[in-house]
Amino acid sequence: MPGSGHCLRHLEESEQRDALESLAPGADVDFRGVHFTQELWQSLTTAVDARFGTARFDTARFPAGVRCSGLRFTGPAYFEGAFFAGEAHFTGADFADYAGFDAARFAGTAYLREVRFHREVRFVAAWFAADAFFDGVSCASVAEFSQAWFEGVAAFPSARFSGSVRFTEAWFRRQDDTSADFSEAHFAKSAGFSGARFRGRAVFAGAVFESEWRGPVVCADELWMRGAVFRTPLRIGIAARRLDMNRVRCESPAAFQLRYAAVSLRDAVFAEPVTLAYEAMPFMAGPRQLEQEMPREEGSVDVHLLRLSGVNAAHLVLTDVDLSRCEFSGAYNLDQIGLAGRCGYGAPPPGLRRHGNTWFPVRWWSRRRVVVEEQYWRALPGENRTDVDTDGWATGLGHPDPAQSPSADDVAIVYRQLRKALEDTKNEPGAADFYYGEMEMRRHNKDTPRGERALLHAYWLLSGYGLRASRALGALLAAMGATVLLLMLYGLPAAPMTSSMTGQVPAGGGEVVLTPNASGRKVPKEVPDRFSAARLERAGRVVVNSVVFRSSGQDLTQGGMWIEMGSRLSEPVLFGLAVLAARGRVQR
């Protein structure tokens, strides 16, 4: 205090009373380093009628439960390095000028609800040992929370930041529940969360970003952005175990570079192109690794998309995103979605599997890319479809109720749209598996006409819908082998066919009657005699020529002619299917 060697607290009682009586409402005060008691603080705020001018409380110490609610600071307020021993109540306080809380320490819950900051406010390197409530706080200028340390909940619901706000390298440490709550917050200018780390859930539900949102942001639990609105172009890196972007609205182009996240986009609205891409490199803040709290198990870095229902996919681009668990049903313009890079899909169960109550009890599933809707459908009870195998297929939330699970027709529509999306980008080989899936659903759909289903069954069995070259070649070789066997048994005569003409010329001339005599039209009587190298060579020549739709010129029995005719009709078709299947894996 002026003219004294003591601070306000250690003055004599009369001197302390005189010092406080000398203060008028709105007075400038300098109480740096003072250790306030509850009574002394109450006397001070009463003396100034809860209004301060320039206020210096640097490194001051405040008792637990200190009441600063409703205080007005008309000049700069300095609380740098101040220590609040317990609860600190600033609810409804008004800071007309600069407010500085750099390196301030709050040992108990900090209540800063409905506080109004008209100029710059700083909490750089501030430490909150318990919860910090900034509900409805209003910041008209820059708000700086860089390197702040929040041990409990950091709650900013309905906060309004009219200027830039920065949480650069802030650390939100609460793990068992929500560690930061920015629901319904409004960011009028840039929101800087570069290097911010959330150990628990971070909530931005309904938040509005009028300007840039800078990252990267690391959240060891769930980053909840449900209903958030982004009104300017956005490019941000996010590492989170779960990313809830349901009902998010992006009114400008946006790019989300993601790691670890399982993402839900249900009912999201994209007015401009939006990209979700896997980021291969870890997020860093200078030389420091930001992802220490993230899971370390192998493969956990991958980004999984979970839901697209209600999304207009025409403006969505997915790059290197795992789609093995993604529910596509209910998305709009799915045929216009952008699929780039290595997008992963599900696969049928490996190995031999039970095939239900059909004539053939086991099955080896063909390896292909499968959407999750087909897995849900195949896991349904068998009475509602023709194919039964619940072993190894994923089940949906509505399982086993068919009314709450996709139908075969629904799955066919998903496959058709995804196939078109890849074909439009000239990725015909990549679209082949989706074509296979579409045909599978048409084959199993009971609404498909019976004749068409029979044709599809044959198409599937002989060539895998024109996509399984090995199956078509196997069918071709089997047909050729069967033809060779039938020709050796019934189609090739015992000897080359010969014919002669006999007759007599009358002595006095006249008509000559010629009688044809053919021999060799019968096969050998003994079955073992029908199998010889010579007959095998002749039968093979007939079959090879039949494959290319040519006549071999071989002598055949009447039955052999019919066998050759059937071979010339069927085997070129099988050969064509094999060629088509091979081409389908290169360009379909």
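The numbers in the working numbering rise by one with no breaks, and the one at position 575 of the sequence shown is 610. Quick reminder that beta carbons are idealized off the backbone N, C-alpha and C, glycines included. What you are looking at is a predicted structure, and each value in this text was computed from that prediction instead of being measured.
**residue 467 versus 113, 403, 257 and 53, residue with shortest Cα-Cα distance** = Position 432 of the sequence shown holds residue 467. Closest option to residue 467, Cα to Cα, is 403.
**Message:** My output table needs one value for residue 344: the three-state DSSP class, helix, strand or coil.
**Reply:** Your numbering for residue 344 matches position 309 in the sequence shown. In this structure, residue 344 counts as coil in the three-state DSSP scheme.
**Prompt:** Roughly how many whole angstroms lie between the Cα atoms of residue 341 and residue 318?
**Reply:** Mapped onto the sequence shown, residue 341 falls at position 306. Mapped onto the sequence shown, residue 318 falls at position 283. Cα-Cα distance, rounded: 23 Å.
**Prompt:** Nearest-angstrom Cα distance between residue 230 and residue 471?
**Reply:** Translated into positions along the sequence shown, residue 230 becomes position 195. Translated into positions along the sequence shown, residue 471 becomes position 436. Residue 230 and residue 471: Cα-Cα distance of roughly 45 Å.
**Request:** Compare the beta carbon distance of residue 107 and residue 125 with 9 Å and say whether it is the shorter of the two.
**Result:** By one-based count along the sequence shown, residue 107 stands at place 72. By one-based count along the sequence shown, residue 125 stands at place 90. Against a cut-off of 9 Å, the Cβ pair of residue 125 and residue 107 comes out as no contact.
**Message:** On the criterion of 16 or more Cβ atoms from any shown chain inside 10 Å, does residue 700 qualify as buried, or is it exposed?
**Reply:** Examination of residue 700 is not possible in this model, given that the chain is present from 36 through 623 alone.
**Request:** May I ask you to report which of helix, strand or coil DSSP gives residue 65?
**Result:** The count along the sequence shown starts at 1 and reaches residue 65 at position 30. Strand.
**Asked** What's the C-alpha gap between residue 606 and residue 527?
**Response** Numbered from its first residue, the sequence shown carries residue 606 at position 571. Numbered from its first residue, the sequence shown carries residue 527 at position 492. Straight-line Cα distance between these residues: approximately 19 Å.
**Request:** Check the C-beta distance from residue 197 over to residue 223 and give it rounded, since I have them as a contact under 8 Å.
**Result:** By one-based count along the sequence shown, residue 197 stands at place 162. By one-based count along the sequence shown, residue 223 stands at place 188. Indeed, because the Cβ distance is near 5 Å, the residues count as touching under 8 Å.
**Request:** Report yes or no: do the stretch 37 to 57 and the stretch 94 to 109 share at least 3 C-beta pairs separated by less than 8 Å?
**Result:** no
**Prompt:** DSSP three-state call for residue 380: helix, strand or coil?
**Reply:** Numbered from its first residue, the sequence shown carries residue 380 at position 345. Of the three classes helix, strand and coil, the one that applies to residue 380 here is coil, per DSSP.
**Same chain only: Cβ atoms within 6 Å of residue 242, ignoring 5 sequence neighbours per side** = As a first step, residue 242 must be located in the sequence shown, where it is residue number 207. Taken in chain order, the residues that qualify are 217, 220 and 263.
**Message:** Within 9 Å of any Cβ in chain C, is that where the Cβ of residue 499 sits?
**Reply:** Here chain C cannot be found, since the structure has a single protein chain.
**Item:** Where the beta strand (DSSP E) through residue 292 begins and ends
**Value:** As a working note, residue 292 is residue 257 in the sequence shown. It spans 289 to 294 - the beta strand (DSSP E) in which residue 292 sits, taken as one unbroken run.
**Request:** Answer yes or no: do residue 200 and residue 225 have a C-beta to C-beta separation smaller than 9 Å?
**Result:** Here the question's residue 200 lines up with position 165 in the sequence shown. Here the question's residue 225 lines up with position 190 in the sequence shown. A contact, by the Cβ cut-off of 9 Å.
**Item:** Rounded separation between residue 170 and residue 279 - CA only
**Value:** If you number the sequence shown from 1, residue 170 lands on position 135. If you number the sequence shown from 1, residue 279 lands on position 244. Approximately 22 Å, taken between the alpha carbons.
**Prompt:** Straight-line CA distance for residue 346 to residue 453?
**Reply:** For the purposes of this step, residue 346 is taken as residue 311 along the sequence shown, with counting starting at 1. For the purposes of this step, residue 453 is taken as residue 418 along the sequence shown, with counting starting at 1. Those two C-alpha atoms are separated by around 15 Å.
**Message:** In the DSSP output, which residue or residues are listed as bridge partners for residue 173?
**Reply:** The residue given as residue 173 occupies position 138 in the sequence shown. Partner(s): 151 and 195.
**Message:** Rounded to whole angstroms, what is the Cα-Cα separation between residue 451 and residue 376?
**Reply:** Position 416 of the sequence shown, counted from the first residue, corresponds to residue 451. Position 341 of the sequence shown, counted from the first residue, corresponds to residue 376. Spanning the two alpha carbons is a distance of roughly 20 Å.
**Message:** Within the continuous beta strand (DSSP E) that includes residue 311, where are the two ends?
**Reply:** Mapped onto the sequence shown, residue 311 falls at position 276. Here the beta strand (DSSP E) through residue 311 covers 309 to 313.
**Message:** According to DSSP, simplified to helix, strand and coil, what is residue 259?
**Reply:** Within the sequence shown, residue 259 is the residue found at index 224, counting from 1. Residue 259: strand per DSSP, three-state reduction.
**Asked** Where are the beta strand (DSSP E) runs, 3 residues long or more, that stay fully inside the stretch 230 to 274, in chain order?
**Response** 231 to 233, 236 to 238 and 252 to 259
**Prompt:** Are the stretch 358 to 377 and the stretch 403 to 415 in contact at 8 Å, needing three or more beta carbon pairs?
**Reply:** yes
**Request:** For the alpha helix (DSSP H) holding residue 575, just list the boundary residues, first then last.
**Result:** The residue given as residue 575 occupies position 540 in the sequence shown. Run containing residue 575: 568 to 582, per the alpha helix (DSSP H) assignment.
**Asked** What did DSSP end up calling residue 399 once you bin it into helix, strand or coil?
**Response** Translated into the one-based positions of the sequence shown, residue 399 becomes position 364. Strand at residue 399.
**Item:** Segments of 3+ residues assigned as beta strand (DSSP E) that fall wholly inside the stretch 344 to 374
**Value:** 351 to 354
**Prompt:** Does DSSP put residue 405 in a helix, a strand or coil?
**Reply:** Taking the sequence shown and counting its residues from 1, one reaches residue 405 at position 370. Correct three-state label for residue 405: strand.
**Asked** Where do the ends of the alpha helix (DSSP H) carrying residue 446 lie?
**Response** In the sequence shown, counting from the first residue as 1, residue 446 sits at position 411. Element bounds for residue 446: 443 to 459.
**Message:** Measuring straight from C-alpha to C-alpha, what distance separates residue 38 and residue 128?
**Reply:** Taking the first residue of the sequence shown as 1, we reach residue 38 at position 3. Taking the first residue of the sequence shown as 1, we reach residue 128 at position 93. For residue 38 and residue 128, the distance between alpha carbons rounds to 32 Å.
**Sequence-distant residues of its chain with Cβ nearer than 8 Å to residue 474 (five each side left out)** = Sequence index remark: in the sequence shown, residue 474 carries index 439 (1-based). Excluding sequence neighbours, residue 474 sits near 491, 494, 495 and 500.
**Item:** Residue environment, residue 440, which counts as buried when at least 16 other CB atoms sit within 10 Å
**Value:** Numbered from its first residue, the sequence shown carries residue 440 at position 405. Residue 440 is buried by the Cβ-count criterion.
**Request:** Over the uninterrupted beta strand (DSSP E) stretch that includes residue 89, give me the two end residues.
**Result:** On the sequence shown, residue 89 is found 54 positions in, with the first residue counted as 1. Looking at the DSSP string, the run of the beta strand (DSSP E) that includes residue 89 is 86 to 91.
**Message:** Can you tell me whether residue 434 is helix, strand or coil according to DSSP?
**Reply:** For the purposes of this step, residue 434 is taken as the residue at position 399 of the sequence shown. Coil at residue 434, not helix or strand.
**Prompt:** From which residue to which residue does the alpha helix (DSSP H) around residue 216 run?
**Reply:** Counting from one through the sequence shown, the residue named residue 216 turns up at place 181. Counting along the chain, residue 216 falls outside any alpha helix (DSSP H), though it belongs to the beta strand (DSSP E) covering 213 to 216.
**residue 192 burial status per 10 Å Cβ neighbour count (16 or more: buried)** = Stepping through the sequence shown from its first residue, residue 192 is reached at position 157. Its Cβ being crowded by 16 or more others within 10 Å, residue 192 is buried.
**Prompt:** Which class does residue 179 belong to by DSSP, given the choice of helix, strand or coil?
**Reply:** Residue mapping note: residue 179 aligns to position 144 of the sequence shown, counting from 1. Strand, per DSSP.
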